[in-house]
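Undergrad: Numbering (UniProt numbering), first residue to last: 1 to 175. The structure that follows is given in the form of structure tokens.
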């Protein structure tokens, strides 16, 4: 497939996935946008990785650049590096503080829980003021103990709810 054919597919705005090169596909969406997709197999599992949006740099990626990116990504895959796993991993490095972890976890709670406002309120009122700004690797048992002591006695039900929330947010078992 050449650049003229790709432009024709986009202009026709007919959604689909079209073969460009070995494992490289051009996907046209319903909205008429074009994306470069690399299809590969790793550990016996077929996967698709989005290389980028079609277009002119800096926002988009032309055909020649997509072919180069696909070749580089295939070389990484041969070395055992899964580009999807690496992308997820790099997104996790953006999580630096307890607040970052909590924001991610509380967003997940909104999709899973019937009453997501409960863990959100517990975090906002009892955890965030004390350790929210701490780096994830700096929270320790003493920090957790001080939070527990501040709520024990006055709100027994909250204390029972608190442990699973704190364990999920900090990723560690303190008690």
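Cβ atoms here follow ideal geometry from the backbone N, Cα and C, with glycine treated the same way.
What are the uninterrupted segments assigned as alpha helix (DSSP H) that are 4 or more residues long and contained completely in the stretch 83-139, given in chain order?
TA: For the stretch 83-139, whole alpha helix (DSSP H) runs of length 4 or above, ordered along the chain, are 83-92, 98-112, 117-122 and 128-131.
Undergrad: Which residues in the same chain as residue 47 place their Cβ atom closer than 8 Å to its Cβ, once the five residues preceding and following it in sequence are excluded?
TA: 39, 40, 41, 82 and 84
Undergrad: Residues in its own chain within less than 7 Å of residue 18 by CB, not counting five upstream and five downstream?
TA: 1, 9, 25 and 26
Undergrad: So does the stretch 69-76 actually touch the stretch 98-108, counting three or more Cβ pairs closer than 8 Å?
TA: No, because fewer than three Cβ pairs between the stretch 69-76 and the stretch 98-108 fall closer than 8 Å, the two stretches do not touch.
Undergrad: Between residue 112 and the ligand COA, is there a pair consisting of the residue's CB and a ligand heavy atom that are separated by less than 8 Å?
TA: Absence of the ligand COA is noted for the structure shown, with no ligands found whatsoever.
Undergrad: Could you tell me the alpha carbon to alpha carbon distance between residue 93 and residue 28, rounded to whole angstroms?
TA: Cα to Cα, the separation comes out at about 31 Å.
Undergrad: Taking the straight line between their C-alpha atoms, what separation do you get for residue 143 and residue 104?
TA: 21 Å
Undergrad: Could you give the C-beta distance for residue 95 and residue 136, rounded to a whole number, given that I count them as a contact under 8 Å?
TA: The pair is a contact, with the Cβ atoms about 7 Å apart (cut-off 8 Å).
Undergrad: List the DSSP bridge partners of residue 48.
TA: 39
Undergrad: Specify the secondary structure class of residue 22 as computed by DSSP and reduced to three states.
TA: Here residue 22 sits in coil by DSSP.
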